[in-house]
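Everything in the sequence shown is counted per UniProt numbering, starting at 1 for the first residue and increasing by one. Just so it is clear, CB atoms sit at the ideal spot from N, CA and C, and this is done for glycine as well.
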Amino acid sequence: MPYYRVVGEVPRKRHVRFRRPDGGLYAEELMGEEGFSSDSSLLYHRNLPTAIVKAETVTAGADEALTPNLPLAPRHFRTRDLPVGGDMVTGRQTLAGNADVRLSYIAADAPSELYRDSKGDECVYIASGRVLFESTYGAIEAGEGDYVVIPTGTIHRWVPLDGPVTALAIEASGHIRPPKRYLSQYGQFLEHAPYCERDLRAPGEPLLREGSDVPVLVRTRGGLSRLVYKNHPFDVVGWDGYLYPYAFNIDDFEPIVKRTHAPPPVHQTFEGPGFVICSFCPRPLDFHPEAVPIPYNHHNVDSDEFMFYVGGDYSARRGSGIDVGSISLHPAGFTHGPAPGAVEAVIDAVERGVSQTTELAVMIDTFRPLDLGTAALAREDPSYAWSWAR
């Protein structure tokens, strides 16, 4: 994270004696990235965070094999047709992935067990519903439109609050961060950035739980394990540093606009290893008097474009079947753009006084081809690839 936070009780200096009320020592844990040469936080536990009493291999829920996008074609998947049930960790339904990132749909109605992803950071976009995210750092209440970014190795769980929660899970092979071009050399958000520190919500107080023999599901590059901790991992009385989970709501993204249509990098929200995450938000239509206020036909030769449509009106794809809950995949090697007649329709709407878009979407651009998961293939619209020829 680009700025420092302190929550709960911490000693005045690092790595000094910090005593509990009974005279014993709190157990200090350094959680750091890139061999402790990047962001880190110090957490102070009531009990030893190293004390486990059992470890076992877990076979259920292992990463499924993916299918190459062959023959090469644009795809349309209808997530609203996917089943509801399970929790936000083991109930993930795989849509697409590659060696850098795995993308899954969530339609959960039950609390998850404690979980730790040790393969990489996760970013979970909440499409509908409300959920309580609990972790060793504390809790965050998240709802519709929230991105929840979770550092590698963070023990956490998800608890739906008012019924089912739908979401898109983005599981990275490394770290997910704000784009470097938005930050100063010291990590502060710059004035041209489309969001800033005030827009980020992190845990505000410790979350303390009692318990013994507590199981935690752990994902590593080798597969899944379940570790049983002697004491409940939520025993942190305080922490400080630059590394912690946080939430950012898509409605707080400030669109960057031009007089004519701007390319996707203006929508970038986060970056990860081999991919970027973008937010398409309601914004003023292009305002040059001769502007064509709709995406031009484009061919991103180096990346696949995975778009999750979460709200509003998608005039550029009208007539293609795209609607709220849709996911489109436009692969490298394919030129795509507005549906037939969409350009004329938008120009006519502008001349009638329409001045703003209403679309809301989350896009992941990957720099290696995306393979397809069984959940996506099971809910594919087979006619989408031919929608431009109608």
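Asn297, buried or exposed, once every other Cβ within 10 Å from all chains shown has been counted against 16: In the sequence shown, counting from the first residue as 1, residue 297 sits at position 297. With fewer than 16 other Cβ atoms within 10 Å, it is exposed.
Inter-stretch contact at 8 angstroms, needing at least 3 Cβ pairs: the region 217 to 226 / the region 111 to 126: yes
Separation of Ile52 from Cys379, as counted between CA atoms: The count along the sequence shown starts at 1 and reaches residue 379 at position 379. The count along the sequence shown starts at 1 and reaches residue 52 at position 52. One detail in the question is off: residue 379 reads as Arg in this sequence, not Cys. Taking the straight line from one Cα to the other gives about 42 angstroms.
His330 in three-state terms, based on DSSP: Taking the sequence shown and counting its residues from 1, the one referred to as residue 330 is at position 330. His330 falls in the strand class under three-state DSSP.
Chain-order list of residues whose beta-carbon lies under 7 angstroms from that of residue 402 (same chain, five-residue window excluded): Residue 402 is absent from the model: the chain starts at 1 and stops at 390.
Per-residue DSSP class, three states only, for Lys180: Looking up residue 180 in the sequence shown gives position 180. Helix at Lys180.
Cα-Cα separation, Leu43 to Asn98: Locating residue 43 in the sequence shown gives position 43, counting from the first residue. Locating residue 98 in the sequence shown gives position 98, counting from the first residue. For Leu43 and Asn98, the distance between alpha carbons rounds to 33 angstroms.
Leu213 classed as buried or exposed, judged by whether at least 16 other C-beta atoms fall within 10 angstroms: For this step, residue 213 is matched to residue 213 along the sequence shown. The residue you asked about is not Leu; residue 213 is Asp in the sequence shown. It counts as exposed.
Best match in Leu30, Pro284, Pro264 for proximity to Gly337 [C-alpha to C-alpha]: Position 337 of the sequence shown, counted from the start, is the residue given in the question as residue 337. Answer by Cα proximity: Pro264.
Span of the alpha helix (DSSP H) around Ile347: The count along the sequence shown starts at 1 and reaches residue 347 at position 347. Looking at the DSSP string, the run of the alpha helix (DSSP H) that includes Ile347 is 342 to 351.
Residue 422 versus Ser38: straight-line alpha-carbon distance, rounded: Since the first residue of the chain shown is 1 and the last is 390, residue 422 is not available in this structure.
Whether Tyr125 touches Tyr147 by CB criterion (7 angstroms): Here residue 125 refers to the residue found at position 125 of the sequence shown. Here residue 147 refers to the residue found at position 147 of the sequence shown. Yes, Cβ-Cβ distance for Tyr125 and Tyr147 is below 7 angstroms.
Closest by C-alpha distance to Ser41, when choosing among Thr154, Ala385, Val84: Along the sequence shown, one-based indexing puts residue 41 at 41. Measuring from the Cα of Ser41, the nearest candidate turns out to be Thr154.
Buried or exposed (CB count within 10 angstroms, at least 16 for buried), Val276: The residue given as residue 276 occupies position 276 in the sequence shown. Label assigned to Val276: buried.
Boundaries of the beta strand (DSSP E) in which Thr220 is found, first to last residue: Counting from 1 along the sequence shown, the entry for residue 220 is found at position 220. Counting along the chain, the beta strand (DSSP E) containing Thr220 begins and ends at 212 to 220.
Sequence-distant residues of its chain with Cβ nearer than 6 angstroms to Asp251 (five each side left out): On the sequence shown, position 251 is the one that residue 251 refers to. Closer than 6 angstroms at Cβ, skipping near neighbours: Gly145.
Inside the region 101 to 152 only - beta strand (DSSP E) runs reaching at least 3 residues: 101 to 108, 115 to 117, 122 to 128, 131 to 135, 138 to 142, 146 to 150
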